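Everything below concerns the one structure shown next.
Number of protein chains: 2
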Amino acid sequence: MKYVTIIDIANELGVSKSTVSRALAGDAQNVKPETMKLVCETAQRMGYRRNEAAVNLRRQLSKTIGIVIPEVVTSFFMSFIQWAQRDLRQQGYRTIIAVSNEEVTQERECLQMLEQCRVDGILMSVCHQSANAALYQEIMSRGIPMVFFDRQVCGVEASQVHIDDVSASVFMVEKLIRSGCRRIVHLLGPEHIGNATDRLRGYREVLEKFKLPYNPQYIVAGGLSADEGAQAMEEFLQRGLAFDAVFGFTETSVLGAKSVLQRMNFRIPDDVSLCCISGTTLCTLVHPTLSAVEQPTEEMAHTACRLLLEQLATPGQCRPQTVVLHGEVVVRESTKAVQAQA
Amino acid sequence: MKYVTIIDIANELGVSKSTVSRALAGDAQNVKPETMKLVCETAQRMGYRRNEAAVNLRRQLSKTIGIVIPEVVTSFFMSFIQWAQRDLRQQGYRTIIAVSNEEVTQERECLQMLEQCRVDGILMSVCHQSANAALYQEIMSRGIPMVFFDRQVCGVEASQVHIDDVSASVFMVEKLIRSGCRRIVHLLGPEHIGNATDRLRGYREVLEKFKLPYNPQYIVAGGLSADEGAQAMEEFLQRGLAFDAVFGFTETSVLGAKSVLQRMNFRIPDDVSLCCISGTTLCTLVHPTLSAVEQPTEEMAHTACRLLLEQLATPGQCRPQTVVLHGEVVVRESTKAVQAQA
DNA sequence: AACGGTTGCGGGAACGGTTGCAAAAAAACT
DNA sequence: AGTTTTTTTGCAACCGTTCCCGCAACCGTT
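If you read the sequences in order, they're chains A and B. Counted the way this note's numbering counts, the first sequence spans residues 1 to 342. Counted the way this note's numbering counts, the second sequence spans residues 1001 to 1342.
Here's what the structure looks like:
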C-alpha cells in the first residue's frame, strides 16, 4: 500500500530529492550522467511510480483531456475515442472518458468531474443541442478549451467539427430517388439533436428538387436505438401508406426498422430500400449490408484533436472555428442500383 | 485559467481555509450551520471546483478505479463499463478507462498509467492469458486489488469472474446436434485467450457424448474480428468439406463468416446453422438473428465490482475468489428448431 | 593567486486541500 | 459571577513533486 517516493530514492542514495527529480525528468543540463543512470536504475529497482496527483498539483495542469460522449452502444464513439486517444497520447496527453447516457443532468456531472480533475481541455459530443450551453460557456470562460464533435451545439461560441448533414442527406436521398424510389419514409432523429433538423432539411430539399410531394405522414420519430426504430416502423406500418424506402437518421434505428420489415417478409431492397446516415462497421455486418453515409470517424477525431491542441498551444488566442467534413455515401446491398437515366 | 481555491473563499469571507474545507465537506459536527451555508453559497457563486489532485495527494488515495479492456469494437466491453461505472459511482469511485488494443505492450503502458494515477483498484480484461502475469502480481503485491473479468488469466492468484465456457459451449453445440446438425465447423478463438481452449473443449465433449467423430479439419482459427471470421470461413470452404453448422468463438467472427456464407447464397439456417458464444445486442440486429450464449454482462459487472469493493473495504484480508457465471443460451433464427426426440 | 564561468547538487517554498490539536467563543451549568 | 462544557474556529503539519535560488567545486584564463 505504500508507494516509493523520490524521497525514498534520495535517502537510499544519499542525494537530495531535487537531484532525483531532475534525474528522473532527464534533465541532462543539471545532473551528471552517472548520477542520472544511478538514480534511474534505483528507481526502477525500487519500483518507483511517479505520483501524478503531486505533479498535477505542482504543475497546475494535468496533461489530461476529457472526452464526453452520449452513449456507448454504437461503435462510432468508441472508434472516435480510439483515434483521439492515439493523437492525444502522441502529444503527451492522457484521456479520461465520461458518458452522459443521453441525459442532460448526467452530462453536467461529467463536466463537473472533469473540471475537478483539472483536465486541460475537453472533447465533447453533446446529448442536447442547447440544454447545457451556459455551462459550456462557463467552462470555456475559465480557460478550458472545448471542441464539440459529431453533434452540433447551438448558441455556443466554440470550435466544432461535424459532417455536413444537409448534403449527406441530399446525397443519400437522391440515390434513393435515382434508383426508383418515390415514397420514402424518414426516421427522424430526436429534436434535441441539431443534426436531426439538418438531415430532415436535406430530405425535403431533394423532394423539392425532384418535384415530389412532401407528406408529413412519412416522417416518423425514430429515436436513436434499435428499439425506437422498430417501434417507429411499426407505427408507420399502422398508417397503411405505401412506401418503397426507409431513410433513417442513424444506423441503429434503421436496423430496428429493418428487423421489423424482415420479420414481415419485406424483401430488401426489392420491396423496400434501406439506408441511413452515420454508418459504422455495423452496416457491413448485417444482411443485406446497409447503404449509408459513413462517418469519417478517423478524420473527425484527427480534426477535433488538432483544434483542441491548437487551442492548448496558444491559450486564449484561437478564435473558435467550425470544420465541416463530408461523409462518404457508401452504396451497399440494401438499396437498389441507380437506374439508367429516365 | 485561474481556478478558485478554498483560500480565495476564505479570504473573501475572512475565515480560515480550515473552516472552508470543513464547510464544503459538510462536516456539521464542526461548523456552524450559518457559516456552512455562507461558505457553500460563496463557493457556488465564485465557481469553486475542488482540486482532485490536491485531495488525492493528501488522502493518499484517489477514489478512482481503473478499467482495462482489450478492445472497443464489440459492445460487450462498453456495456460492461457502463454497468460497472454505475456500481462504482454509487460507492463514490470514479473510473478511468484504458484500452490495450489486444496488445501486450500497450496493456503494460495502461497499467503503468493507472499506477501513476494511483488508482485504488483495477478491473481488468486481459489481452493475453499469461504474458503480463508477473506484472499483475507485482501490482497486487503493492496492495492494489485487481479483479479479472471475462477473459481468464493464468498463473495469477487473483479474483476472477467469467462464464463457464465449457458448459456454454456444450449447451450451444448440443442444441445444434439436437436440431439435426452433424458436421459442425468451429471458429476457434485465439490461442492466447484461455477461453478459446475451454470452448473448444466443450465442443469436443459434445461430439464424444453423441459418439460423433472429431475431425480437426473442422476447426479453423477464426480470430476475433469480422474480417478474421470471414477469412476463416473462406479458408474452410476451400477445403471442400460438407458442413451444416458453424459454431464460433465469438459474435463478430461468426458475423464475418455469415456474410461470406450469405454472399454465396447459403440459406440460414436451412443450409447452415450459425451460432456463437458471447453474444450481445448485435445478435438481435442482424438478419437472421443470431443464436448465441449471451454474456450475462450486467451480472458480470456487478460481480466484478462487488469483488473489487470487498477487497477495497478489507485491505489485504480477502482471499482471491473466482466466480463462474452461467451464460444463457438464446435460440434465435440462425439455428433450426430442436427436432422431436429420435 | 585571483578571477569569472560552468557544472552538479541541496535547501526550501510552493501547489490546494485535510485534519489533529489547541484556542477562542458561546452556551450551560453552579 | 465563576466554572465547566460544548461548539466553533484557527494554526500548522502534511501529502509528493517541481523549480527557483544559492552554494561549492572545478575549470581555464590571466
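For glycine and all other residues, C-beta sits at the position ideal for the given N, C-alpha and C. These numbers were taken from a predicted model, which means no experiment stands behind them.
Just the chain B side, please: which residues come within less than 7 Å of residue i by C-beta, in chain order?
i                : result
cysteine 380(A)  : Absent from the model: residue 380(A). The displayed extent of chain A is 1 to 342, so no value can be given.
isoleucine 96(A) : Ile1096
glutamine 317(A) : Simply none; closest approach about 13 Å.
alanine 242(A)   : The contacting residues do not exist; alanine 242(A) stays about 23 Å from chain B at best.
alanine 226(A)   : Leu1285
In this structure, what does DSSP give as the bridge partners for residue i?
i                  : result
leucine 1274(B)    : Val1246(B)
glutamine 1160(B)  : Phe1148(B) and Thr1322(B)
isoleucine 1268(B) : The partner list for isoleucine 1268(B) (beta bridge, DSSP) is empty, contrary to what the question assumes.
valine 1068(B)     : Ala1098(B) and Met1124(B)
histidine 186(A)   : Ile219(A) and Phe247(A)
glycine 279(A)     : Glu294(A)
valine 1329(B)     : Val1293(B)
Given this structure, state the Cα-to-Cα distance separating residue i from residue j, to the nearest angstrom.
i                     : j                     : result
alanine 1337(B)       : alanine 1242(B)       : 21 Å
phenylalanine 1171(B) : valine 1329(B)        : 7 Å
glutamine 1116(B)     : glutamate 1109(B)     : 10 Å
aspartate 1227(B)     : methionine 36(A)      : 48 Å
glycine 14(A)         : isoleucine 6(A)       : 12 Å
histidine 1326(B)     : threonine 1042(B)     : 53 Å
isoleucine 296(A)     : glutamate 174(A)      : The sequence given here places proline at residue 296(A); isoleucine does not occur at that position. Going from the Cα of proline 296(A) to the Cα of glutamate 174(A) covers about 20 Å.
isoleucine 1193(B)    : valine 1220(B)        : 15 Å
valine 147(A)         : glycine 1180(B)       : 56 Å
leucine 1176(B)       : glutamine 217(A)      : 45 Å
lysine 17(A)          : asparagine 11(A)      : 8 Å
asparagine 1056(B)    : glutamate 298(A)      : 35 Å
alanine 1342(B)       : arginine 1204(B)      : In this prediction, alanine 1342(B) scores a pLDDT of 45, lower than 50, which makes its location untrustworthy; no coordinate-derived value is stated.
valine 1166(B)        : phenylalanine 1080(B) : 22 Å
valine 20(A)          : lysine 32(A)          : 11 Å
aspartate 1027(B)     : methionine 113(A)     : 21 Å
alanine 23(A)         : cysteine 40(A)        : 7 Å
glutamine 1160(B)     : tyrosine 214(A)       : 58 Å
glutamine 1091(B)     : arginine 1118(B)      : 18 Å
glutamine 8(A)        : alanine 53(A)         : The question names glutamine, yet the displayed sequence has aspartate at residue 8(A). Their backbone Cα atoms lie some 18 Å apart in a straight line.
alanine 1158(B)       : leucine 1135(B)       : 12 Å
aspartate 1150(B)     : glutamine 44(A)       : 32 Å
serine 62(A)          : aspartate 120(A)      : 6 Å
proline 1288(B)       : glutamine 1106(B)     : 37 Å
isoleucine 122(A)     : methionine 1046(B)    : 22 Å
Compare the Cα-Cα distances from residue i to each of the options and report the closest residue.
i                  : options                                           : result
isoleucine 1139(B) : Arg49(A), Val119(A), Thr314(A) and Leu224(A)      : Arg49(A)
valine 1331(B)     : Pro1320(B), Pro1269(B), Val1324(B) and His1302(B) : Pro1269(B)
leucine 285(A)     : Leu1188(B), Ala1230(B), Asp1008(B) and Ser1334(B) : Ala1230(B)
histidine 343(A)   : Gln311(A), Gly316(A), Asp87(A) and Thr303(A)      : The question about residue 343(A) has no answer here: the residues shown for chain A are numbered 1 through 342.
leucine 1290(B)    : Gln1311(B), Gly1316(B) and Thr1252(B)             : Thr1252(B)
glutamate 1235(B)  : Leu1111(B), Gln1090(B) and Ala1257(B)             : Ala1257(B)
leucine 1274(B)    : Gln1262(B), His1287(B), Leu1261(B) and Phe1247(B) : Phe1247(B)
valine 373(A)      : Gly222(A), Asp244(A) and Trp83(A)                 : Residue coverage of chain A in this structure runs from 1 to 342, which leaves residue 373(A) outside it and unanswerable.
glutamine 1085(B)  : Leu1308(B), Ala1313(B), Arg1319(B) and Ser1334(B) : Leu1308(B)
leucine 1207(B)    : Tyr1003(B), His1186(B) and Ser1021(B)             : His1186(B)
valine 156(A)      : Ala168(A), Asp165(A) and Gln137(A)                : Gln137(A)
lysine 2(A)        : Arg1022(B), Gln1060(B) and Ser1334(B)             : Gln1060(B)
arginine 1182(B)   : Ser1167(B), Lys1211(B) and Leu1188(B)             : Lys1211(B)
leucine 1224(B)    : Gly1189(B), Ser1167(B) and Arg1045(B)             : Gly1189(B)
valine 1153(B)     : Ala1028(B), Thr1335(B), Glu1333(B) and Pro1320(B) : Pro1320(B)
methionine 1078(B) : Met1046(B), Thr1335(B), Ala1158(B) and Ala1301(B) : Ala1301(B)
glutamate 1294(B)  : Thr1250(B), Val1260(B), Gln1262(B) and Cys1305(B) : Thr1250(B)
aspartate 1271(B)  : Met1233(B), Thr1335(B) and Thr1322(B)             : Thr1335(B)
Quick one: which chain B residues come within Cβ less than 9 Å of residue i?
i                 : result
asparagine 265(A) : Residues of chain B passing the Cβ test: none, with the nearest at roughly 11 Å.
arginine 49(A)    : Gln1112, Glu1115, Gln1116, Arg1118 and Arg1142
lysine 336(A)     : Neighbours of lysine 336(A) on chain B: none; closest Cβ ~18 Å, over 9 Å.
lysine 258(A)     : Leu1285 and His1287
Counting only Cβ pairs nearer than 8 Å, list the residues of chain B close to residue i.
i                : result
asparagine 56(A) : Ala1053
valine 331(A)    : Ordered by position in chain B, no residue passes the 8 Å Cβ test against valine 331(A), which lies about 16 Å from the chain.
valine 72(A)     : Ser1075, Met1078, Ser1079, Ile1081 and Gln1082
Name, please, each residue of chain A whose Cβ falls closer than 8 Å to the Cβ of residue i.
i              : result
serine 1062(B) : Ala53
Does the segment 1062–1076 of chain B come close enough to the segment 1261–1281 of chain B to have 3 or more Cβ pairs within less than 8 Å? Result yes; three or more Cβ-Cβ pairs closer than 8 Å.
The segment 197–204 of chain A in contact with the segment 258–267 of chain A per 3-pair CB rule at 8 Å: Three or more Cβ pairs closer than 8 Å define a contact, and the segment 197–204 of chain A falls short of that threshold against the segment 258–267 of chain A.
With three or more C-beta pairs closer than 8 Å as the rule, is the segment 88–97 of chain A touching the segment 58–73 of chain A? Yes, they touch.
May I ask you to verify whether the segment 1123–1136 of chain B touches the segment 1097–1106 of chain B, counting CB pairs closer than 8 Å and requiring at least 3? The answer is yes - the segment 1097–1106 of chain B touches the segment 1123–1136 of chain B, with three or more Cβ pairs under 8 Å.
Assess, as a yes-or-no matter, whether the segment 137–153 of chain A is touched by the segment 307–321 of chain A under the definition of 3 or more beta carbon pairs within less than 8 Å. Result yes; three or more Cβ-Cβ pairs closer than 8 Å.
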